[in-house]
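**Student:** Taken in sequence, the protein lines are chains D and P.
Following my numbering, the numbering of the first sequence begins with -11 at its first residue and continues without gaps.
Following my numbering, the numbering of the second sequence begins with -11 at its first residue and continues without gaps.
Glycine residues also receive a C-beta, built at the ideal position from the N, C-alpha and C atoms.
Number of protein chains: 2
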Amino acid sequence: MKHLHTFALIEAVARSGSMRKAAEDMNLTASALNRRIRGFEAEFGSPIFERIPGGVRLNPAGEMLLHHYRMSKSDLARVQSHVADLTGERRGHVRIACSQALLPYFLPEQIARYRAAHPGVTFTVTVRDRAQAEQELASYASDLALVFEPVYLVDFEVLHLIPQRVHAVLRKDHPLAAKPELRLWECLDSPSVAPNAKYGVRHLLDFAARKLGRTLNPVLETESFELIRHYVLHEQAIGFQIPIGLRAPDDGSLVFRPLAERDVATGSLILGQLRGRTLPVASARFAMQLAAALHED
Amino acid sequence: MKHLHTFALIEAVARSGSMRKAAEDMNLTASALNRRIRGFEAEFGSPIFERIPGGVRLNPAGEMLLHHYRMSKSDLARVQSHVADLTGERRGHVRIACSQALLPYFLPEQIARYRAAHPGVTFTVTVRDRAQAEQELASYASDLALVFEPVYLVDFEVLHLIPQRVHAVLRKDHPLAAKPELRLWECLDSPSVAPNAKYGVRHLLDFAARKLGRTLNPVLETESFELIRHYVLHEQAIGFQIPIGLRAPDDGSLVFRPLAERDVATGSLILGQLRGRTLPVASARFAMQLAAALHED
DNA sequence: CTGCCCGTTGCGAAAAATGCACCGCATCTG
DNA sequence: CAGATGCGGTGCATTTTTCGCAACGGGCAG
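1. Alpha helix (DSSP H) containing Pro48 (chain D): first to last residue?
2. In whole angstroms, give me the CA-to-CA distance for Val71 (chain D) and Leu53 (chain P).
3. In the DSSP output, what is Ala133 (chain P) paired with across the bridge?
4. Asp161 (chain D) to Arg171 (chain D), Cα distance in whole Å?
5. So does the stretch 177 to 184 of chain P actually touch the stretch 218 to 230 of chain P, counting three or more Cβ pairs closer than 8 Å?
6. Return the first residue and the last residue of the beta strand (DSSP E) that Arg39 (chain D) is part of.
7. Compare the C-beta of Ser60 (chain P) against all C-beta atoms of chain D and say whether one is closer than 8 Å.
8. Please say whether Tyr93 (chain P) and Arg245 (chain P) have beta carbons closer to each other than 8 Å?
9. What did DSSP end up calling Val142 (chain P) once you bin it into helix, strand or coil?
10. Is there a C-beta anywhere in chain P that falls below 8 Å from the one on Leu46 (chain D)?
11. Kindly identify the DSSP beta-bridge partner or partners of Thr114 (chain D).
12. Short of 6 Å in beta carbon distance, which residues of its chain neighbour Leu215 (chain P), apart from the five on each side in sequence? Order them along the chain.
13. In terms of residues, what are the limits of the alpha helix (DSSP H) holding Gly188 (chain D)?
14. For chain D, find out if any of its Cβ atoms is closer than 8 Å to the Cβ of Val1 (chain P); answer yes or no.
15. Which runs of the beta strand (DSSP E) fall wholly inside the stretch 199 to 252 of chain P and span at least 3 residues, in chain order?
16. DSSP three-state label for Gly27 (chain P), please.
17. Any Cβ of chain P within less than 8 Å of the Cβ of Asp73 (chain D)?
18. For Asp131 (chain P), decide whether its Cβ has a neighbour in chain D, counting only Cβ atoms nearer than 8 Å.
19. State the start and end residues of the unbroken alpha helix (DSSP H) segment that holds Ala104 (chain D).
20. Taking the straight line between their C-alpha atoms, what separation do you get for Leu91 (chain P) and Asn15 (chain D)?
21. Inspect the CB distances between the stretch 248 to 255 of chain P and the stretch 150 to 157 of chain P and report whether three or more fall short of 8 Å.
22. With 16 other CB atoms within 10 Å as the buried threshold, where does Met7 (chain D) fall?
23. Rounding to the nearest angstrom, what Cα-Cα distance links Ala126 (chain D) and Asn205 (chain P) in this structure?
24. Could you work out which residues of chain P lie near Asp63 (chain D), taking near to mean beta carbons separated by less than 8 Å?
25. Taking only three categories from DSSP, how would you classify His162 (chain P)?
26. Output yes if chain P places a C-beta closer than 8 Å to the C-beta of His81 (chain D); else output no.
27. Where does the unbroken beta strand (DSSP E) through Val181 (chain D) begin, and where does it stop?
28. Taking only beta-carbon positions, decide if Leu149 (chain D) is within less than 8 Å of chain P.
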């Protein structure tokens, strides 16, 4: 939308902290950009950037204005999506922030399914830890978030919730693989491979271990869930993940065992949006599909 | 704000139902306006006007778009007002829709008081009956509504409420003027002067009369509360109003007597806004002042 | 100091918006 | 029935706005 272009420029300047850099990003000369900003400030009645040596920075007025812009833009997108919906074919774009656990199986299947029914809809998937995911929503950068054990629930509206128990990921010849359910203390005695503290699985494990007066000392700590799954094939160690991101390989080389519920609390995988926001049609429908799919699992 | 000018044009076209008329209103030629509309429709991806013989009319897409514009514009005004507030002196504009009863004494006093403290704030007062007042809020044409006995309470958020009993307005030599409180049946036997059915006072009276199996048959039915007050000076009749719009004249020519509570239900004078909306600073502060003043009465 | 990068400004060129005249069409009118 | 009227829409010259280029002054690091 052309009439919001000045705001888009403002956002670019705010992001890069420099008019010249922003001008380059937006395919403009610095002089033109500068004049647009100054012109807007004059019209708006107050500066929105504070000029600091080495660049510019948003002042409080600018922060509020930028928030207005994001809200306004997102609402316009909603209207457009709604209109496209009632003119017949469904088009639109769905932006979703999610945990890594959804990447290998769940999300690709769901997106493919939705696109099979509505080829006009496109997707953006951003991988974020649970704290970042909520900020994505708050800044209108994503429509939906699908995260395990969100942190701050302010401004976060739960659309659907399913419980997920923490599972151990083991090589099939691991001594503990024989048991149908593992106790936490058993795991603490073996070498472990765990995600870092930003992730919900780790948070639940740390919390549970502290209750036992023990700590989790992983031999490998990483941000990559994929690395965890592959590493346990090479060393006799225990990985930890949630079942939605796990599927037994054909060769049976890996097995998954739940941790006893009385040791480690069951976590929640939560589908949510920004509180009070009305989503574009495509996003709302996709959220409904996700909720239904989660319900089946 | 310049970037919303196209929307303002769209609104003008929607209002007048004709591009040529709207062009005149907005100081443009019809051709320029036409191109802006068509250009916007192309960019938006869908027509927003339906072309009918003799002019144009908004289609559903246009309705939604216009609603977005009004919301967006009002939110920008809120941001601007907020910024002006934090830069020091308070400026802004308060738009209020109210019942006639507030016009003679209450509102002018309150506005003057507020302006004495904040000379930078200006006001628009629109007189609306109780149904129209809520539509004013819904279309973002007013920030606040102060009405007696609102009709539909959806999307209407009550900020403050005070009870108001219906009062009879009598000339001092009226036979009923001697009594401290009047019964409804006494009034029905005298000639009466009443507002029409759009007003809350009349609604309460009609409802009460029906309970008695009687009807109110006013000799003069009008939209003007002022006319009612002045007419009873000329004919020995009973007028009906609420006390906030009444003040005994110095010469004692008029007296006001409440109707018995067991005959006519006590109505509510309600200060409200559009549900969920965050008002500009000036409007929010003025609403607080109004609420406090109502509380004292 | 020198070089560098920053925001900012003057000025001519390019682009966008506007005004004017006019078209085709439907409706109203005598 | 024909002419007049008022509507949305379009081609073209003109005006207004915006942009790109070059240059200026000011902080800052080496």
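**Tutor:** The short version:
1. For the purposes of this step, residue 48 (chain D) is identified with residue 60 of the first sequence, where counting begins at 1. Segment Pro48 to Leu74, the alpha helix (DSSP H) holding Pro48 (chain D).
2. The residue given as residue 71 (chain D) occupies position 83 in the first sequence. The residue given as residue 53 (chain P) occupies position 65 in the second sequence. Cα-Cα distance, rounded: 9 Å.
3. As a first step, residue 133 (chain P) must be located in the second sequence, where it is residue number 145. The partner list for Ala133 (chain P) (beta bridge, DSSP) reads P:Ala85 and P:Gly260.
4. Indexing the first sequence from 1 puts residue 161 (chain D) at position 173. Indexing the first sequence from 1 puts residue 171 (chain D) at position 183. Whole-angstrom Cα-Cα distance: 18 Å.
5. yes
6. Along the first sequence, one-based indexing puts residue 39 (chain D) at 51. First-last of the beta strand (DSSP E) with Arg39 (chain D): Phe37 to Ile40.
7. Residue mapping note: residue 60 (chain P) aligns to position 72 of the second sequence, counting from 1. Cβ-Cβ to chain D under 8 Å: yes for Ser60 (chain P).
8. As a first step, residue 245 (chain P) is located in the second sequence; it is residue number 257 there, counting from the start. As a first step, residue 93 (chain P) is located in the second sequence; it is residue number 105 there, counting from the start. No, the pair does not count as a contact, with Cβ atoms beyond the cut-off.
9. Numbered from 1 along the second sequence, position 154 holds the residue referred to as residue 142 (chain P). Note: Val142 (chain P) maps to coil in three-state DSSP.
10. In the first sequence, residue 46 (chain D) corresponds to position 58, counting from 1. Not closer than 8 Å to any Cβ of chain P, the Cβ of Leu46 (chain D) fails to qualify, so no.
11. Taking the first residue of the first sequence as 1, we reach residue 114 (chain D) at position 126. According to DSSP, which records beta bridges pairwise, Thr114 (chain D) is partnered with D:Ala85.
12. Taking the first residue of the second sequence as 1, we reach residue 215 (chain P) at position 227. Closer than 6 Å at Cβ, skipping near neighbours: no residue.
13. Mapped onto the first sequence, residue 188 (chain D) falls at position 200. Per DSSP, Gly188 (chain D) belongs to the alpha helix (DSSP H) from Gly188 to Lys199.
14. Position 13 of the second sequence holds residue 1 (chain P). It does not: the Cβ of Val1 (chain P) has no partner Cβ on chain D nearer than 8 Å.
15. 208 to 210, 226 to 229 and 242 to 246
16. Your numbering for residue 27 (chain P) matches position 39 in the second sequence. Here Gly27 (chain P) sits in helix by DSSP.
17. For this step, residue 73 (chain D) is matched to residue 85 along the first sequence. Not closer than 8 Å to any Cβ of chain P, the Cβ of Asp73 (chain D) fails to qualify, so no.
18. As a first step, residue 131 (chain P) is located in the second sequence; it is residue number 143 there, counting from the start. So no, Asp131 (chain P) is outside the interface.
19. What you label residue 104 (chain D) is simply residue 116 of the first sequence in a count that begins at 1. Where Ala104 (chain D) is concerned, the enclosing alpha helix (DSSP H) stretches over Phe94 to Ala105.
20. Residue mapping note: residue 91 (chain P) aligns to position 103 of the second sequence, counting from 1. Residue mapping note: residue 15 (chain D) aligns to position 27 of the first sequence, counting from 1. C-alpha separation (whole angstroms): 56 Å.
21. yes
22. Taking the first sequence and counting its residues from 1, one reaches residue 7 (chain D) at position 19. Under this definition Met7 (chain D) is a buried residue.
23. Position 138 of the first sequence, counted from the start, is the residue given in the question as residue 126 (chain D). Position 217 of the second sequence, counted from the start, is the residue given in the question as residue 205 (chain P). Ala126 (chain D) and Asn205 (chain P): Cα-Cα distance of roughly 59 Å.
24. What you label residue 63 (chain D) is simply residue 75 of the first sequence in a count that begins at 1. Within 8 Å Cβ-Cβ: His56, Met59 and Ser60.
25. To locate residue 162 (chain P), count along the second sequence from 1; it is residue 174. Coil.
26. Here residue 81 (chain D) corresponds to residue number 93 of the first sequence, with the count starting at 1. Not an interface residue.
27. Along the first sequence, one-based indexing puts residue 181 (chain D) at 193. Unbroken beta strand (DSSP E) run through Val181 (chain D): Ser180 to Pro183.
28. On the first sequence, residue 149 (chain D) is found 161 positions in, with the first residue counted as 1. No, no contact with chain P.
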